[in-house]
Amino acid sequence: MKTLRSTPLRLSVLLIAVFTLFMSVGLAMAFWVMRDALAADITLRAEQVIEDLRAIPEPEERLERAHEIISAADPRAMLLRLTIGDQTVGSVSDLPEGIIDADATALPEPIADSYLVRRADLAPGALLVAVGRDSVAELSETFVAILGFALLPALMLTSAIGIVVVRRTSARVEAIRGTLHTLAGGTLTARVGSPHPDTDLGDISRDLDRMAEAQEAATGALRQIGADIAHDLKTPIQRLAVRLEALGDTDLPEDARDQLDQARTETAQIIDTFQSLLQIAQLEGGQGRDTFGPVDLGALVADMAEIYDASAEDAGIHLTHALNGPLPVTGDRNLLSRLIANLIENALRHAAGTDIHLAVIGRTLIVRDGGAGIPANQRDVVLRRLARLEASRSTPGSGLGLAMVKAIADLHGAPLALGDASPGLEVRIAFPD
Amino acid sequence: MHILVIEDDPTTGDYIASGLRAEGHVVDLLDNGRDGLMQAMTGSYDVMVLDRMVPEVDGMSILRTLRASKKPVPVLLLTALGGVDDRIEGLNAGADDYLTKPFAFGELSARLTALSRRPPPSDEPTILKALDLEMNLLTRKVTRGGQTIDLQPREFALLEHLLRRKGRVQTRTMLLEGVWDIHFDPQTNVVESHMSRLRTKVDKPFEVTLIETVRGSGYRIAE
Numbered sequence: 001m002k003t004l005r006s007t008p009l010r011l012s013v014l015l016i017a018v019f020t021l022f023m024s025v026g027l028a029m030a031f032w033v034m035r036d037a038l039a040a041d042i043t044l045r046a047e048q049v050i051e052d053l054r055a056i057p058e059p060e061e062r063l064e065r066a067h068e069i070i071s072a073a074d075p076r077a078m079l080l081r082l083t084i085g086d087q088t089v090g091s092v093s094d095l096p097e098g099i100i101d102a103d104a105t106a107l108p109e110p111i112a113d114s115y116l117v118r119r120a121d122l123a124p125g126a127l128l129v130a131v132g133r134d135s136v137a138e139l140s141e142t143f144v145a146i147l148g149f150a151l152l153p154a155l156m157l158t159s160a161i162g163i164v165v166v167r168r169t170s171a172r173v174e175a176i177r178g179t180l181h182t183l184a185g186g187t188l189t190a191r192v193g194s195p196h197p198d199t200d201l202g203d204i205s206r207d208l209d210r211m212a213e214a215q216e217a218a219t220g221a222l223r224q225i226g227a228d229i230a231h232d233l234k235t236p237i238q239r240l241a242v243r244l245e246a247l248g249d250t251d252l253p254e255d256a257r258d259q260l261d262q263a264r265t266e267t268a269q270i271i272d273t274f275q276s277l278l279q280i281a282q283l284e285g286g287q288g289r290d291t292f293g294p295v296d297l298g299a300l301v302a303d304m305a306e307i308y309d310a311s312a313e314d315a316g317i318h319l320t321h322a323l324n325g326p327l328p329v330t331g332d333r334n335l336l337s338r339l340i341a342n343l344i345e346n347a348l349r350h351a352a353g354t355d356i357h358l359a360v361i362g363r364t365l366i367v368r369d370g371g372a373g374i375p376a377n378q379r380d381v382v383l384r385r386l387a388r389l390e391a392s393r394s395t396p397g398s399g400l401g402l403a404m405v406k407a408i409a410d411l412h413g414a415p416l417a418l419g420d421a422s423p424g425l426e427v428r429i430a431f432p433d
Numbered sequence: 001m002h003i004l005v006i007e008d009d010p011t012t013g014d015y016i017a018s019g020l021r022a023e024g025h026v027v028d029l030l031d032n033g034r035d036g037l038m039q040a041m042t043g044s045y046d047v048m049v050l051d052r053m054v055p056e057v058d059g060m061s062i063l064r065t066l067r068a069s070k071k072p073v074p075v076l077l078l079t080a081l082g083g084v085d086d087r088i089e090g091l092n093a094g095a096d097d098y099l100t101k102p103f104a105f106g107e108l109s110a111r112l113t114a115l116s117r118r119p120p121p122s123d124e125p126t127i128l129k130a131l132d133l134e135m136n137l138l139t140r141k142v143t144r145g146g147q148t149i150d151l152q153p154r155e156f157a158l159l160e161h162l163l164r165r166k167g168r169v170q171t172r173t174m175l176l177e178g179v180w181d182i183h184f185d186p187q188t189n190v191v192e193s194h195m196s197r198l199r200t201k202v203d204k205p206f207e208v209t210l211i212e213t214v215r216g217s218g219y220r221i222a223e
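From first to last, the protein sequence lines stand for chains A and B.
So the first sequence is residues 1 to 433, counted in the UniProt record's numbering.
So the second sequence is residues 1 to 223, counted in the UniProt record's numbering.
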């Protein structure tokens, strides 16, 4: 089916069809025009002979003229019989057998087909002129020949060229498509390569390669900047943490210790946000895929539910899960456990006090809570980095939980959908086969 | 213990060195990769703290050189990055443990102790004991003072983890890694919740506390 969607193939087929149609119509029109001209010519010749003989008043001369005409003519091109009184001039004896009867009152069928017959009463005398229509038949043959010797080979040639073009462009298009797919998958080293530089597809390939080059350079630069920022910012944060810890070892009044604890919490929050931003950027850049292996997502869901069970229960929440056997996926166990953990924590945080249900149905992971949910028009927003809905500004969290979930799902090629659990939020992640 | 620390940031380096010295360890602190590699190759250390980004020769190169020359010293890799691939990459290069900056000193200390005292694999006990508590690893039965204690599988695993590392502090993250195979920092108090359940069964009905909390660091079962 994919072949039928190929643009070059469809264009070729269309081109051949149009070409055949126009050529056939052209030939048909030429045929009709020429046949009409020939028919007119034949009629004219018959009329001319009649007028010619009518112009001669003397019976004797008229008979003589008729004799002249008939002697000069090829019997296949023209037959003629002039009867004046008891005298008859005509190539009756030359006529093909059975073409015309003796008194010429009735004309047999073949004559009507092969000749144009005109009768004229010349007063005196009865004239019968039959002009051969062979040329019309020949015209048909000529056109059939044109059809056979010109149109068919042209068609075959066009089709052959079409096939070659289709093959070559398909290969090119396939190469471009494959490269785009690989690039989209995060492998930025993919290139089309350009063995036909002078075609438009060659140009596109080259441009695509240039774009990939620029993208790779930009990503590399971004990665370097990320690493630099990480190093340059984390070192002072580390020092800050060091100083806070050193401070904690000294004797402090109660309120100073409270301040210190808050400072520690804030530092931890900075680190967490920082780390998450860095990791989301890396996941979006396709990092993490190198360590993919077989993971049983079903077992992982059960594990994560078990890990959070105790803290959920402490918060008065029922955390339940339903599985229907193992769900083998190709992925990174650590990232997938993070995905499930983030979803559970998101529900714990934003749907406080309501029950949480994890389920695996088919190849889809579903996490449902009974909280306020997310309005349909804001569901895209919450998947963005640092996005937090106005309603949740007061609750803790970096606003990166769902963005991280989305980045991990994307890395695994698993579409994520936010829906309404009425009430509550339903997150569905469909893992590919 | 004799510990080699390779860390270029003076504040962090001093912090690690002075903290470890205060715990009674002998510490050599070097601030660049070249000297660090020389020292690691020639000296004899119980454990090594290696920053991933040190000048001249970077941490990963030092690590690979050490492993290529079959130096068996356990290495804890410190990194400022904490990216998605970093942990796996560090462990693949031959690091024995991995810690992302910033870290608490207690975390580093607990991990270094764990690295230097890896139990010999041949010595596999079937019964773990602490005070009057006994854990039979074959029958999976736990008793304290002759009284049977019913534990959920994860509670059993958590207690087993602490018993096997008797006398050593286990931090939250070490427990997450060791018991649940979780390599990120959950925002919810999952460890605390499980620990409180375990304590309810193991400690609450008895007079003497078995599992102690080490302030700012983690948990420990006394030797």
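Backbone N, C-alpha and C define an ideal beta-carbon position, used for all residues, glycine too.
Being a predicted model, the structure only gives us computed values, none of them experimental.
A:Thr-291: contacting residues in chain B (beta-carbon distance under 8 Å) | Asp-85, Ile-88
Going straight from the alpha carbon of B:His-25 to that of B:Ala-17, what length do you get?
-> 9 Å
So is the beta-carbon of A:Leu-38 under 6 Å away from any non-hydrogen atom of the ligand ATP?
-> The ligand content of the structure shown is nil, which means the ligand ATP is not present either.
Within 10 angstroms of the Cβ of B:Pro-186, are there 16 or more other Cβ atoms? Answer buried if so, exposed if not.
-> buried
Note down, in chain order, all residues in the stretch 229–243 of chain A with a beta-carbon under 7 Å from any beta-carbon belonging to chain B.
-> Result list: Ala-230, His-231, Lys-234, Thr-235, Ile-237, Gln-238, Arg-239, Ala-241, Val-242.
Host alpha helix (DSSP H) of B:Thr-12 (start-end) = 10–22
Would the beta-carbon of A:Leu-297 fall within 7 Å of that of A:His-321?
-> no
In chain order, which continuous runs of the beta strand (DSSP E) of length 3 or greater are located wholly inside the UniProt domain "OmpR/PhoB-type" (125–223) of chain B?
-> 127–130, 133–136, 141–144, 147–149, 211–214, 218–221
Going by other Cβ atoms of all chains shown within 10 Å of its Cβ, with 16 needed for buried, is A:Thr-105 buried or exposed?
-> Residue placement at A:Thr-105 cannot be trusted, given a pLDDT of 47 that sits under 50; the coordinates are not used to answer.
Chain-order list of residues whose beta-carbon lies under 6 Å from that of B:Val-214 (same chain, five-residue window excluded) | Val-169, Arg-220
Just the chain B side, please: which residues come within less than 9 Å of A:Asn-334 by C-beta, in chain order?
-> Val-84, Arg-87, Ile-88, Asp-181, Ile-182, His-183, Phe-184
Close Cβ partners of B:Thr-173 (< 8 Å) along its chain, the five nearest in sequence each way excluded = Taken in chain order, the residues that qualify are Glu-107, Asp-185.
Look up A:Gly-286 in the DSSP assignment and say whether it is helix, strand or coil.
-> coil
How would you call A:His-412, buried or exposed, if buried means at least 16 neighbouring beta carbons within 10 angstroms?
-> buried
Would you identify the three-state DSSP class for A:Val-192, choosing helix, strand or coil?
-> coil
Expressed to the nearest angstrom, what Euclidean distance is found between the alpha-carbon atoms of residue 498 of chain A and B:Glu-223?
-> As displayed, chain A neither begins before 1 nor continues past 433, which places residue 498 of chain A out of reach and without an answer.
How should A:Arg-10 be labelled, buried or exposed, when 16 other C-beta atoms within 10 angstroms of its C-beta is the threshold for buried?
-> exposed
What do you get for A:Ser-71, buried or exposed, if any count of 16 or more other CB atoms within 10 angstroms of its CB means buried?
-> Residue burial is scored here from C-beta neighbours: A:Ser-71 has fewer than 16 other C-beta atoms within 10 angstroms and is therefore classed as exposed.
Between which two residues does the alpha helix (DSSP H) containing B:Thr-65 stretch?
-> 59–68
Kindly indicate if chain B contains any beta-carbon less than 7 Å away from that of A:Ile-307.
-> yes
Could you pull out every residue in the same chain whose Cβ sits closer than 8 Å to the Cβ of A:Leu-278, ignoring the five residues on either side in sequence?
-> Around A:Leu-278: Gly-226, Ala-230.
Hey, how far is the Cα of B:Leu-162 from the Cα of B:Asp-9?
-> 34 Å
Quick one: give me the first and last residue of the alpha helix (DSSP H) that A:Gly-424 is part of.
-> Per DSSP, A:Gly-424 belongs to no alpha helix (DSSP H) and is neither H nor E.
Counted within 10 angstroms of its Cβ, other Cβ atoms place A:Ser-337 as buried (16 or more) or exposed = buried
Just the Cα atoms here: how many angstroms apart are A:Ala-414 and A:Leu-21?
-> 49 Å
Are B:Val-27 and B:Ile-62 closer than 7 Å when you measure CB to CB?
-> no
Short-range partners of chain A found in the stretch 135–161 of chain B, where Cβ spacing is below 8 Å = Arg-154
Would you please state the rounded distance, in angstroms, between the beta carbons of B:Leu-81 and B:Asp-96? I believe it to be under 8 Å.
-> Between B:Leu-81 and B:Asp-96, the beta carbon gap of about 18 Å keeps them out of contact (Cβ cut-off 8 Å).
Three or more C-beta pairs closer than 8 Å, one from the stretch 48–65 of chain A and one from the stretch 112–123 of chain A: is that the case here?
-> yes
Which word fits B:Phe-103, buried or exposed, when buried means at least 16 other C-beta atoms lie within 10 angstroms of its C-beta?
-> buried
Residues that A:Gly-90 bridges to, as DSSP identifies them | A:Arg-81
List the DSSP bridge partners of A:Ile-429.
-> A:Leu-365, A:Leu-416
Secondary structure of B:Ile-6, DSSP reduced to three states | In the three-state reduction of the DSSP assignment, B:Ile-6 falls in the strand class.
Backbone CA spacing between A:Asp-198 and A:Val-164 [nearest angstrom] | 17 Å
Should A:Phe-149 go down as buried or exposed, given a rule of 16 or more other Cβ atoms within 10 Å for buried?
-> exposed
By DSSP, does A:Leu-27 sit in helix, in strand, or in coil?
-> helix
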